[in-house]
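Protein chains in written order, with our numbering: chain E, 113 to 388; chain V, 2 to 270.
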Amino acid sequence: MISIQNIHFKYGGKPVFKGLSLDLQPGHIYGLLGKNGTGKSTLLRLISGLLFPKEGKLNVLGFEPGKRSPAFLQQVFLVPEEFYLPNISIGQFIQANAGFYPNFSREQFRQYLLEFSIPEGQHLQEMSYGQKKKLLISFGLACNTPILLMDEPTNGLDIVSKSQFRKVMAGSVSNEKCILISTHQVKDLENLIDRITIIDEGGILFDQTIGRITDRLHFKISFDSEEVRAALYKETSLKGSAIILINEAGEEGRLDLEMLYKAIITNKEAVQRAFK
Amino acid sequence: MNSNFSFERLFGLIRKQWIENSRFYLLGSLALFGLMAICMIIFWVLMDGDNYSESFAYNLYIIGLILTGTIYGSISFSILGSKEKGQYWLSFPASHSEKLVTSIFYNVILFFIVYTLSFLVVKWGCQTYIESYIRTHKWASIRPMNWEDGFGEVFYYIIWGYFCLQALFMLGSVYFRQYAFIKTAIFVSIIAGILTFFIAKISMNMFQGHGFFWNGLELREHHVPDNYGIYKSYSLGTTLSKVLGYLLTYCWIPVFWLVTWYRLKEKEL
Numbered sequence: 113m114i115s116i117q118n119i120h121f122k123y124g125g126k127p128v129f130k131g132l133s134l135d136l137q138p139g140h141i142y143g144l145l146g147k148n149g150t151g152k153s154t155l156l157r158l159i160s161g162l163l164f165p166k167e168g169k170l171n172v173l174g175f176e177p178g179k180r181s182p183a184f185l186q187q188v189f190l191v192p193e194e195f196y197l198p199n200i201s202i203g204q205f206i207q208a209n210a211g212f213y214p215n216f217s218r219e220q221f222r223q224y225l226l227e228f229s230i231p232e233g234q235h236l237q238e239m240s241y242g243q244k245k246k247l248l249i250s251f252g253l254a255c256n257t258p259i260l261l262m263d264e265p266t267n268g269l270d271i272v273s274k275s276q277f278r279k280v281m282a283g284s285v286s287n288e289k290c291i292l293i294s295t296h297q298v299k300d301l302e303n304l305i306d307r308i309t310i311i312d313e314g315g316i317l318f319d320q321t322i323g324r325i326t327d328r329l330h331f332k333i334s335f336d337s338e339e340v341r342a343a344l345y346k347e348t349s350l351k352g353s354a355i356i357l358i359n360e361a362g363e364e365g366r367l368d369l370e371m372l373y374k375a376i377i378t379n380k381e382a383v384q385r386a387f388k
Numbered sequence: 002m003n004s005n006f007s008f009e010r011l012f013g014l015i016r017k018q019w020i021e022n023s024r025f026y027l028l029g030s031l032a033l034f035g036l037m038a039i040c041m042i043i044f045w046v047l048m049d050g051d052n053y054s055e056s057f058a059y060n061l062y063i064i065g066l067i068l069t070g071t072i073y074g075s076i077s078f079s080i081l082g083s084k085e086k087g088q089y090w091l092s093f094p095a096s097h098s099e100k101l102v103t104s105i106f107y108n109v110i111l112f113f114i115v116y117t118l119s120f121l122v123v124k125w126g127c128q129t130y131i132e133s134y135i136r137t138h139k140w141a142s143i144r145p146m147n148w149e150d151g152f153g154e155v156f157y158y159i160i161w162g163y164f165c166l167q168a169l170f171m172l173g174s175v176y177f178r179q180y181a182f183i184k185t186a187i188f189v190s191i192i193a194g195i196l197t198f199f200i201a202k203i204s205m206n207m208f209q210g211h212g213f214f215w216n217g218l219e220l221r222e223h224h225v226p227d228n229y230g231i232y233k234s235y236s237l238g239t240t241l242s243k244v245l246g247y248l249l250t251y252c253w254i255p256v257f258w259l260v261t262w263y264r265l266k267e268k269e270l
């Protein structure tokens with residue numbers, strides 16, 4: 113569905129990607145993680161055709177995104193972190209835009225607005241940033257594009273909205289859809305994403321499914337000093353030490369995305385060894 | 002619906018642009034009408050003396066058209082100056098050609114129609130007042146526009162030149178992210194200045210006595226001081242001159258639009 117092969121990209125003289133390769137398939141929600149400035153948003157903009165790679169091949173649904181052909185654009189929807197909405201009402205916004213997305217469903221859109229508690233008659237300029245973001249997410253979901261790209265979708269959402277977002281997103285997964293979410297707020301998406309991709313230093317640092325991560329790693333609280341010493345990553349707290357171990361016994365446990373992310377950043381080789 | 006140009010999508014895009022910007026267009030048209038009324042009253046009705054000339058009103062029309070039209074042209078793609086707005090516009094499912102045609106429809110065609118209609122309405126009002134003024138003031142007069150001579154003769158060429166200039170300012174709005182009008186105006190002045198300088202310099206070096214002048218694409222050099230009917234002619238031949246003449250007159254607009262289209266395709270945000 114999305115095939116990225118050995119792409120290179122730089123802003124002026126500053127390289128962002130140096131030979132990045134990645135394959136994304138339908139039926140998954142991918143979590144794209146990485147430090148500030150590692151190129152998460154850049155990758156989304158490359159996939160959506162807003163930026164062009166300097167080298168390498170990028171193929172999305174059989175299209176070259178940089179050509180921005182209408183047939184391609186109507187199958188990809190990007191919810192950017194910073195976005196623009198015109199000064200019109202929700203009804204007018206739908207009237208102006210919906211016709212360009214062949215699979216747009218008004219019924220679904222109404223349902224999403226209802227779940228996000230946004231009154232349908234509202235004017236876009238009267239809405240808060242969070243409300244506008246929820247409206248854009250609702251529109252993006254209702255477009256039913258095979259590819260949905262979201263850049264920090266939970267930024268600016270309050271606690272209730274974040275759980276509404278998770279609920280809405282969980283209900284929108286389908287075998288035909290590929291959703292790629294770039295985020296820093298890993299906690300917000302913990303139970304939502306089924307594959308994690310971490311980018312760093314111009315390439316892919318880590319790329320595994322949630323199933324394989326919980327197969328290979330065990331997340332637990334431990335008071336055993338031997339166990340803590342052997343851990344791939346540890347965090348001490350009053351409740352004991354939160355640790356990540358290699359899951360040799362095949363134990364079932366709950367994944368802590370934030371800890372995993374910190375483990376990969378601080379102890380990259382050991383975590384990568386666990387997956388070999 | 003999926004090819005690179007579809008009329009269905011184009012009309013949808015024109016409709017979308019109207020829904021999203023109708024308030025701006027309506028207020029802009031009102032402001033234009035008001036501004037034109039003020040200028041016509043001050044500069045034509047009040048300041049043109051008692052011997053009114055209709056051609057003066059058309060002079061005002063041309064000056065206003067060039068000034069407002071180039072400003073309007075230079076905001077055609079101002080949406081690309083902001084990352085958020087640019088993303089919204091570029092990632093919208095329509096081709097670059099459809100987006101360009103929509104901009105041309107609003108910024109070139111519709112603007113020209115609204116501007117000209119505003120002028121005709123204001124001129125009609127002013128002329129009605131002037132005619133009633135003449136009826137009560139016997140010494141006052143109005144000279145109608147002569148379309149066969151001088152300004153009247155070149156009027157349509159000036160209008161054509163305006164469209165070329167506006168196409169260039171539209172291109173400038175894609176090239177320059179900010180202050181597109183000022184930057185394009187500076188760019189045009191520099192290029193025009195350099196061209197004029199080189200043409201003048203070459204001609205003066207070639208014809209040291211300065212006894213030459215251009216007749217369209219033909220250069221005439223006088224060598225009999227008292228008889229301007231005798232001259233040496235340097236020309237390209239009838240057919241080539243005609244073709245080149247047509248190209249130099251009519252190619253600018255399509256060329257500028259084509260370059261704008263290429264720049265839109267290349268635009269990254």
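Cβ atoms here follow ideal geometry from the backbone N, Cα and C, with glycine treated the same way. Please read all numbers here as calculations on a predicted model, not as lab measurements.
Taking 8 Å as the upper bound for CB-CB distance, residue 263 (chain E) and residue 193 (chain E) are in contact here, some 4 Å apart. In its chain, beyond the 5 residues on either side, 306 and 307 have a beta carbon closer than 7 Å to the beta carbon of residue 321 (chain E). Taking 8 Å as the cut-off, the Cβ atoms of residue 331 (chain E) and residue 270 (chain E) do not count as close. Residue 144 (chain V) has V:54 as its beta-bridge partners, per DSSP. Interface criterion met: the Cβ of residue 89 (chain V) is under 8 Å from a Cβ in chain E. In this structure the stretch 181-190 of chain E does not lie against the stretch 201-208 of chain E, because fewer than three pairs of beta carbons, one per stretch, are closer than 8 Å. For residue 10 (chain V), the C-beta contacts it makes with chain E under 8 Å involve 182 and 212, in order along the chain. The beta-carbon of residue 294 (chain E) is placed no less than 8 Å from the nearest beta-carbon of chain V. Residue contact with chain E for residue 108 (chain V): absent (no Cβ-Cβ distance below 8 Å to any residue of chain E).
Residue 269 (chain V) sits in coil when the DSSP states are folded into three classes, being neither helix nor strand. Cβ contact annotation for residue 98 (chain V) (same chain, cutoff 8 Å, sequence separation greater than five): 5, 6 and 262, in chain order.
Here DSSP, grouped into helix, strand and coil, assigns residue 305 (chain E) to coil.
In the assembly as shown, residue 70 (chain V) is a buried residue. Its beta-carbon has 16 or more other beta-carbons within 10 Å.
Chain V places no beta carbon closer than 8 Å to that of residue 175 (chain E), leaving this residue out of the contacts.
Membership of residue 154 (chain V) in any beta strand (DSSP E) is not indicated; the residue belongs instead to the alpha helix (DSSP H) covering 151-176.
Any Cβ of chain E closer than 8 Å to the Cβ of residue 270 (chain V) would place that residue at the interface, and such an atom is present. Distance check between residue 177 (chain V) and each of V:63, V:82 and V:11 places V:82 closest, using alpha-carbon atoms only.
Under a 10 Å Cβ-count criterion, residue 244 (chain V) is classified as exposed, with fewer than 16 other Cβ atoms of the shown protein chains found around its own Cβ. Between residue 127 (chain E) and chain V, the shortest Cβ-Cβ separation is not below 8 Å. If you draw a straight line from the Cα of residue 161 (chain V) to the Cα of residue 23 (chain V), it is about 28 Å long. DSSP, read as helix, strand or coil, puts residue 76 (chain V) in coil. Judged by DSSP secondary structure, residue 214 (chain V) falls outside any alpha helix (DSSP H) and instead within the beta strand (DSSP E) spanning 213-216. Judged by beta-carbon spacing, residue 152 (chain V) lies within the 8 Å limit of residue 56 (chain V), meaning their Cβ atoms are closer than that value. Under the Cβ distance rule, residue 92 (chain V) counts among the residues neighbouring chain E, one pair being separated by less than 8 Å.
Judged by their CB atoms, residue 303 (chain E) and residue 328 (chain E) are not nearer to each other than the 8 Å cut-off.
In the three-state scheme derived from DSSP, where H, G and I count as helix and E and B as strand, residue 180 (chain E) is classed as coil.
Annotation for residue 384 (chain E): the continuous alpha helix (DSSP H) segment containing it runs 380-386. At least 8 Å separates the CB of residue 243 (chain E) from every CB of chain V. At least one beta carbon of chain V lies nearer than 8 Å to the beta carbon of residue 204 (chain E).
The DSSP assignment places complete alpha helix (DSSP H) segments of no fewer than 4 residues inside the stretch 227-280 of chain E at 241-254, in order along the chain. The distance from the Cβ of residue 289 (chain E) to that of residue 260 (chain E) is about 7 Å, consistent with a contact at the 8 Å cut-off. For residue 13 (chain V), the chain E residues whose Cβ falls inside 9 Å of its Cβ are 208, 211 and 212, in order along the chain.
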